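Novice: Once you've had a glance at the structure underneath, I'll fire off some questions.
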Amino acid sequence: MESVALHPTEGRPDYGADQELARRCASGDERALREVFETHEPLLRKLIYRYLGSREDAEELAASTFLRFWRSAHRYRGSSSLRSYLTRIALNLCHDAGRKRPPLAAPEPGVWPPEEHPWADRIRHGLLRLDREDRELLTLYYLEDWDYNEICDSLGIKYDVLRTRLVRARKKLRSTVEENND
Amino acid sequence: MTDEQFDEICRSALAFEPGAASAATWSRIRPARWNWLPTVTEILACGCTCALALVVVGIRVKRNPSFAVDSNPVIRRAMAESSKGLQASAFQILDPTQWTEGSLFLPAELGTFELKAR
């Protein structure tokens, strides 16, 4: 039995604080905008870097994500976390960027730990070669601290679909990595 | 290798410490006054909507019989269908009670007619 380390939480979390923050952003409160930026920019940059493999794109698209959010903050209704909402914007921008130019064959060099697992490099390459849906899913799944609600909200899918797709995507990544191991 | 072990390897392979949010990026994207102005697309959309609304209102007014304006029979007779247009200007007679007769001349090509006040 294949397992995924995701479990549904009881009920829906309350995103009232996020909603209030977004409301302040929508009214042009610069302190609220800065708070959103400082809280979420590092995570978005990390997400985009993992998804596209380019540091420059990660910085540029993270900035574009916030510019787009400034304009659409009034549409945020608090039905998902602000982090999921921003992630959805970032993934759409990644998708647009991916259509304009072919994906990188290999991620740009990062600061990796000195003693890595022998598969680590192949995993980074393999992730970039997956199709869009699988890459989005695994990028979010391997981000730390994400619960299933946020992944479902960010991708706009239900938990059962998430589980099925996750098992399938991981199998694809694993077979890519193991092929290259031969 | 179990799925959990594979997940662990993936997490460590994809680990990336992004550092704090960049102040330079913030200063580049922080909302300036112009950020809140409408975009070109929004202006165009608004303009098209207003133009369409004006056209619709214009058509409705034109089709409304209460807005029909009959031409002035005096002018019509004076013009004798010799011209399609007439430029007119308004003037005021300060004390018409002192007048016994007045004349109004039109340019020669339109003919002349006389307006008499009694």
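If you're matching them up, the sequences are chains A and B in order.
Quick note: the first sequence uses the working numbering, first residue 357, plus one each step.
Quick note: the second sequence uses the working numbering, first residue 71, plus one each step.
Beta carbons: idealized from backbone N, C-alpha and C, even for Gly.
Just so you know, these numbers come straight off a predicted model, no measurement behind them.
1. Compare the C-beta of S97/B with all C-beta atoms of chain A and state if any pair is closer than 8 Å.
2. What do you reckon, are the CB atoms on F86/B and Y405/A nearer than 8 Å?
3. If you draw a straight line from the C-alpha of L483/A to the C-alpha of Y407/A, how long is it?
4. How would you write the range of the alpha helix (DSSP H) that Y504/A sits in, first residue to last?
5. Measuring alpha carbon to alpha carbon, tell me which of R488/A, L389/A, L403/A and R485/A ends up nearest S440/A.
6. Hey, would you say A83/B sits closer than 8 Å to R480/A, going by beta carbons?
7. Please classify R392/A as buried or exposed, where buried requires at least 16 neighbouring CB atoms within 10 angstroms.
8. Output the distance between the C-alpha atoms of R130/B and C118/B, rounded to the nearest integer angstrom.
9. To the nearest angstrom, how far is it from the Cα of D77/B to the Cα of A91/B?
10. Hey, is the segment 410 to 419 of chain A in contact with the segment 93 to 103 of chain B, meaning 3+ C-beta pairs nearer than 8 Å?
11. What number of angstroms, rounded off, separates the C-alpha of D374/A from the C-alpha of W502/A?
12. Determine the DSSP secondary structure at N448/A, reduced to helix, strand or coil.
13. Can you check whether the CB of L494/A is closer than 8 Å to the CB of R526/A?
14. Rounded to the nearest angstrom, what separates I513/A and R411/A at their Cα positions?
15. Give every residue of the same chain whose Cβ lies closer than 7 Å to the Cβ of L442/A, excluding the five residues on either side of it in the sequence, and list them in chain order.
16. With 8 Å set as the bound, which would you pick, yes or no: does the beta-carbon of G384/A sit closer than that to a beta-carbon of chain B?
17. Anything in chain B within Cβ reach of W475/A, meaning under 8 Å, just list it in chain order.
18. Say the cut is 7 Å; is the CB of L377/A nearer than that to a heavy atom of the ligand COA?
19. Let me know the secondary structure DSSP gives P398/A once reduced to three states.
20. Pick out whichever of P474/A, R387/A, D516/A and L447/A has its Cα sitting closest to the Cα of C80/B.
21. For A446/A, I'd like the list of residues in its chain whose CB is within less than 8 Å of its CB, leaving aside the five on either flank, ordered along the chain.
22. Under 8 Å between C-beta atoms, does L496/A make it to chain B?
Specialist: Checking against the coordinates, here is how it stands:
1. Put simply, the CB of S97/B is far from chain A, with every gap to its CB atoms at 8 Å or more.
2. Yes, they are a contact pair.
3. Distance between the alpha carbons of L483/A and Y407/A is about 8 Å.
4. Y504/A: member of the alpha helix (DSSP H) spanning Y504 to L511, first to last residue.
5. For S440/A, the nearest C-alpha among the options comes from L403/A.
6. Yes, the Cβ-Cβ distance between A83/B and R480/A is below 8 Å.
7. Strictly speaking, residue 392/A in this sequence is Val, with Arg absent from that position. Buried: at least 16 other Cβ atoms inside 10 Å.
8. Take the alpha-carbon of R130/B and the one of C118/B: they are about 18 Å apart.
9. Their backbone Cα atoms lie some 28 Å apart in a straight line.
10. Judged by Cβ distances under 8 Å, the segment 410 to 419 of chain A makes contact with the segment 93 to 103 of chain B, as three or more pairs qualify.
11. Taking the straight line from one Cα to the other gives about 16 Å.
12. Looking at N448/A - three-state DSSP - the assignment turns out to be helix.
13. Contact check for R526/A against L494/A passes: the beta carbons are separated by less than 8 Å.
14. Approximately 28 Å between the Cα atoms of the pair.
15. Same-chain partners within the cutoff: H396, L400, T421 and F425.
16. Chain B, which has a Cβ nearer than 8 Å to the Cβ of G384/A, makes this yes.
17. Per Cβ cutoff of 8 Å: I79 and A83.
18. For the ligand COA, the structure offers nothing, since it holds no ligand at all.
19. P398/A: helix per DSSP, three-state reduction.
20. Selected option, being the one with the closest Cα: P474/A.
21. Within the same chain, A446/A has close Cβ partners L400, L403, I404, L417, A418 and T421.
22. It does not: the Cβ of L496/A has no partner Cβ on chain B nearer than 8 Å.
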